[in-house]
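Peer 1: Sequence order for the protein chains is R and F.
For what it's worth, the numbering used here labels the leading residue of the first sequence as 16, then goes sequentially.
For what it's worth, the numbering used here labels the leading residue of the second sequence as 6, then goes sequentially.
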Amino acid sequence: MQWLAIHFFRLPVEVLALPAPAVAIAQQRIVAADATAAASGVRPGQRLADALALLPGLRPHERQPEREQALLESLACWAGNFTPTVSLAPPDTLLLEIGGCLQLFGGQAPLLAKIRDGAASQGLSLRLGLAPTPLAARWLTHADSTTEHWQAALATLPVEVLGLNDAAERRLHALGLRTLAQLFALPGATVGHRFGKALPLQLARARGELPDPQPPFAFPERFVQRLELPAKVEVADHLLFAARRLLMALAGWLQARQLGITTCTLVLDHEDIPATHLPLGFASLTRDAERLIRVAREQLERHRLAAPVTELHLHADAPQALAGSSVALFGQQDGGNIAPVIERLRARLGDAAVHGLAVHDDHRPECATRAVPWPEPKDAPDTATTPPRPLWLQAQPQALHEVAGRPTYAGAALNLLTRAERLESGWWDQDEATGDLRRDYFVATTAQGAWLWIYRDAHGWWLHGQFA
Amino acid sequence: MSASPAALDALLQRADLWRGGACAHHAEATLGSGFAALDAVLPDGGWPCGGLTEVLADSLGIGELSLFLPALRQLEAEAGWVVVVAPPAQLHAPAWQALGLPLSRLLVVEAEGADAAWACEQLLGSGALAALLAWLPSADARALRRLQLASSNTRCLSLVFRPERVATQPSPAPLRLALRGSDSGLQVDILKRRGPPLAKPLCLNIERPLPWSRLTRRAVAAAPVRREPHVA
């Protein structure tokens, strides 16, 4: 077992996403300060008046515990990207069992780097602690320690990490006990007698002498998450930062539940008018956070807001089972994946602009090609040997002049090379777009050496395609 | 002081440097064109995979795609996708399939102007393409340079089709061809290659719906049907 504790030590202020410098306060005391405020000496526990004296431009905001709880749960979903064993340690810590997934990420250092990058892109500060027991991992976050020598690191921690009440802390100090090492050196019975029975138990759990089971975080059955925006947002691409938190949580939730999606819906709530639904479509089943974010960015960049946005919702539509992918045995790579690019093209050019082709069984040339959203995996066996057909087909047949009984193209007579091929079909949809056809087709060449496919019907000669 | 012969040899290994009479040799992959006469004059003995090939042709139907059919048929399923960007007309799926271009690996991207060039760049960047066929009549030198850069990092047969009037404009593509139709075959004029210019265009008997001999034996089946199509 290897427990990684992630302590979001600025969660109360970062959940509010206020412009810096900002602090979250409760009962006129600082609970958490953002990086700018902390650099000016604003510390948790200070009185607001003192903090304002240090930094007059400070923006105080009342702490919102229910939003912190919601964000912590959303972060637990995001942590599903890394491991299925996640536990909440409210109010601001997550516990991840990473011993089983180090191989997948290529070791501890790449995994920790991924976690740090992911948190930074969501605008969250974190401290990590790594130890074989969950409690030691939580305590080690105070030193942001992920060292292998966790016992040595644990011993040097100050006694404040225990989170005892003030009176108990004063008694520890009075006895000259400053670090955990000094506390570990004392007999358990003595410590229990002086500081309550709980403390020696805690110390034993941290050192792995007693079991310390953690309730696992249950990934919700359905993914519906909301995010209240700190201020009304009037430009769509400013929403991306907020949407990113939701999308990264969605990716983790999908990973933990072994699901993938082809669509999800980003709902933008407005104050007065009905909400805007922004569907995000993907070319193939996915749970890749990068792909989700890229498509959201394309959509948001092109979207014009009808009204300022106050809140974001994200729904996963109809998730389907998506098995994990195996790591290649010899590290070989297939030649890249086209699906993310197709999504980007569709987001900018429209869904219909990128398509595959399929053959439709119809003798009428206009109806023989069907655009399909994605090519069918296997080609239909091509058994019938047909007369020549051109690679290019004109969307609208082009009228040709007839001079002395011969069709002309660009002023010059065409040279007909074949006998007439009669196509007569479509009586069943007389009034439809294509309708009933009666045509004689010929292969013809121009003086410039172009090979054309032309036909004659009751109305004259028509150019229908080119043999490219 | 002159450089040592060893240094000169090392210099001649560069893709963008060649002796006056010979062609530069690229280390990159090539696809045999299927025409011995053409392979003999292409710098690497085939169509380059990686790097743009600019094809200048004015009219549709002279065989601008048939010239590349033998190469496109060689592409293995694992090599990647064949993507057609901004086609000048609709693709007639039965014909593409009948000519041996599998529809299961074919994608069509409809785009115009700058969007088409942008789409090509995105597609080349994915590294998942075996061949790109793009019609970019209005692309400027800057867009082409971006495509050339994106393409040179891939192993993708990158064909850019443009009208013949741009032949006088400079282009970053290392290989430029002008195509003209004729009675005896497709005239391929290599306007630019990494090597000496060619004296005269090649005439290739590319694949056509009918044998080339039918063109010379005129009037065999040329007489149009005089009567009106039967209307019930």
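Backbone N, C-alpha and C fix where the C-beta goes; we use that ideal spot for every residue, glycine too.
Identify, in the order they occur along the chain, each residue of the same chain with its Cβ nearer than 7 Å to the Cβ of R:Arg220, setting aside the five sequence neighbours on each side.
Peer 2: Thr148, Leu150 and Asp227
Peer 1: Jot down the residue ranges of each uninterrupted beta strand (DSSP E) in the segment 60-84 of chain R, minimum 3 residues, whole runs only, in chain order.
Peer 2: 74-77
Peer 1: Using a Cβ-Cβ cut-off of less than 9 Å, list which residues of the segment 46-75 of chain F approach chain R; keep chain order.
Peer 2: Asp63, Ser64, Leu65, Gly66, Ile67, Gly68, Glu69, Leu70 and Ser71
Peer 1: Tell me whether R:Thr148 sits in a helix, a strand or coil according to DSSP, three-state version.
Peer 2: Coil.
Peer 1: Any beta carbon from chain F within less than 7 Å of R:Arg404's own beta carbon?
Peer 2: yes
Peer 1: If we require 3 or more residues per run, which beta strand (DSSP E) segments fall completely within the segment 408-435 of chain R?
Peer 2: With a minimum length of 3 residues, the continuous beta strand (DSSP E) runs that stay inside the segment 408-435 of chain R are 421-424.
Peer 1: Do F:Leu43 and F:Gln153 come within 7 Å of each other at the CB atom, strictly closer than that value?
Peer 2: no
Peer 1: Go through its chain and collect everything with a Cβ distance to F:Glu212's Cβ below 7 Å, but skip five positions before and after it.
Peer 2: Ser71 and Leu74
Peer 1: Go ahead and label R:His292 buried or exposed: buried means 16 or more other beta carbons lie within 10 angstroms of its beta carbon, across all protein chains shown.
Peer 2: exposed
Peer 1: Mark R:Arg260 as exposed unless 16 or more other C-beta atoms lie within 10 angstroms of its C-beta, in which case mark it buried.
Peer 2: By the 16-neighbour rule on beta-carbons within 10 angstroms, R:Arg260 is buried.
Peer 1: When DSSP labels each residue in this structure, what does R:Arg454 get in the three-state scheme?
Peer 2: strand
Peer 1: Can you tell me which residues form a DSSP beta bridge with R:His292?
Peer 2: DSSP lists R:Val282 as the beta-bridge partner residues of R:His292.
Peer 1: Could one say the Cβ of R:Pro412 lies closer than 7 Å to chain F's Cβ atoms, at least one of them?
Peer 2: no
Peer 1: What are the boundary residues of the alpha helix (DSSP H) that R:His521 is part of?
Peer 2: For chain R, the structure presents residues 16 to 483; residue 521 of chain R sits outside this window and is missing.
Peer 1: I'd like to know if F:Ala226 contacts chain R, where contact means its C-beta is closer than 7 Å to some C-beta of that chain.
Peer 2: With a pLDDT of 44 at F:Ala226, under the threshold of 50, the modelled position of that residue is not reliable, and the figure given next carries that caveat. Yes, its Cβ sits closer than 7 Å to a Cβ of chain R.
Peer 1: Between F:Trp217 and chain R, is there a C-beta pair that is closer than 7 Å?
Peer 2: Proximity of F:Trp217 to chain R, defined by a Cβ-Cβ separation below 7 Å, is not satisfied.
Peer 1: Quick one: which residues of the segment 427-457 of chain R get their C-beta closer than 9 Å to a C-beta of chain F? List them in chain order.
Peer 2: Asn430, Leu431, Leu432, Thr433, Arg434, Ala435, Arg437, Glu439, Arg453, Arg454, Asp455 and Phe457
Peer 1: For F:Gly186, would you say it is in contact with chain R, using Cβ-to-Cβ distances shorter than 7 Å as the test?
Peer 2: yes
Peer 1: Between the segment 92-115 of chain F and chain R, which residues of the former have a C-beta closer than 8 Å to a C-beta of the latter?
Peer 2: Pro92, Pro93, Ala94, Gln95, Leu96, His97, Ala98, Pro99, Ala100, Trp101, Gln102, Ala103, Leu104, Pro107, Leu108, Ser109, Arg110, Leu111, Leu112, Val113, Val114 and Glu115
Peer 1: Do you know whose CA, among R:Glu175, R:Ala373 and R:Leu307, lies nearest R:Leu262's CA?
Peer 2: R:Leu307
Peer 1: Just the Cα atoms here: how many angstroms apart are F:Ala15 and F:Ala41?
Peer 2: 30 Å
Peer 1: Determine, using beta-carbon pairs with one atom in the segment 403-414 of chain R and one in the segment 82-99 of chain F, whether at least three such pairs fall under 8 Å.
Peer 2: The segment 82-99 of chain F and the segment 403-414 of chain R touch, with three or more beta-carbon pairs separated by less than 8 Å.
Peer 1: List the residues of chain F whose Cβ lies closer than 7 Å to the Cβ of R:Ile353, in chain order.
Peer 2: Trp86, Ser131 and Ala133
Peer 1: Can you name the residues that DSSP bridges to F:Glu59?
Peer 2: F:Val165 and F:Arg181
Peer 1: Quick check: does the Cβ of R:Ala183 come within less than 6 Å of any heavy atom belonging to the ligand ADP?
Peer 2: Ligands in the displayed structure: none, and consequently the ligand ADP is not present.
Peer 1: Within 10 angstroms of the Cβ of R:Gly121, are there 16 or more other Cβ atoms? Answer buried if so, exposed if not.
Peer 2: exposed
Peer 1: Does DSSP put R:Cys382 in a helix, in a strand, or in coil?
Peer 2: helix
Peer 1: Could you have a look at F:Leu205 and say whether DSSP puts it in helix, strand or coil?
Peer 2: Sequence check: residue 205 of chain F is Lys here, not Leu. Reduced to three states, the DSSP call for F:Lys205 is coil.
Peer 1: Do you know offhand how far F:Pro206's Cα is from F:Pro216's?
Peer 2: Distance between the alpha carbons of F:Pro206 and F:Pro216 is about 22 Å.
Peer 1: Keeping to the same chain, check which residues put their C-beta closer than 7 Å to that of F:Glu169; ignore five residues upstream and five downstream.
Peer 2: Leu61, Ala62, Asp63 and Ala183
Peer 1: Beta-carbon within less than 7 Å of F:Glu126's beta-carbon, same chain only, minus the 5 sequence neighbours each way: which residues are those?
Peer 2: In the same chain as F:Glu126, and ignoring 5 residues on each side of it, the C-beta atoms closer than 7 Å to its own belong to Arg151, Leu152 and Ala155, in chain order.
Peer 1: With distances taken Cα to Cα, identify the nearest neighbour of F:Val104 among F:Val114, F:Ala76 and F:Ala45.
Peer 2: Rather than Val, the amino acid found at residue 104 of chain F in this sequence is Leu. Nearest option by C-alpha distance: F:Ala76.
Peer 1: Can a CB atom of chain F be found closer than 7 Å to the CB of R:Gln348?
Peer 2: For R:Gln348, the predicted model reports a pLDDT of 40, less than 50, meaning its position is unreliable and no value from the coordinates is stated.
Peer 1: For F:Leu128, would you say it is in contact with chain R, using Cβ-to-Cβ distances shorter than 7 Å as the test?
Peer 2: yes
Peer 1: Check each candidate in R:Gln273, R:Leu281, R:Arg62 and R:Glu326 and name the one with the smallest Cα separation from R:Arg302.
Peer 2: R:Gln273
Peer 1: Whose C-beta lies closer than 6 Å to the C-beta of R:Ala354 among residues of the same chain, with five residues either side of it excluded?
Peer 2: Ala298 and Ser299
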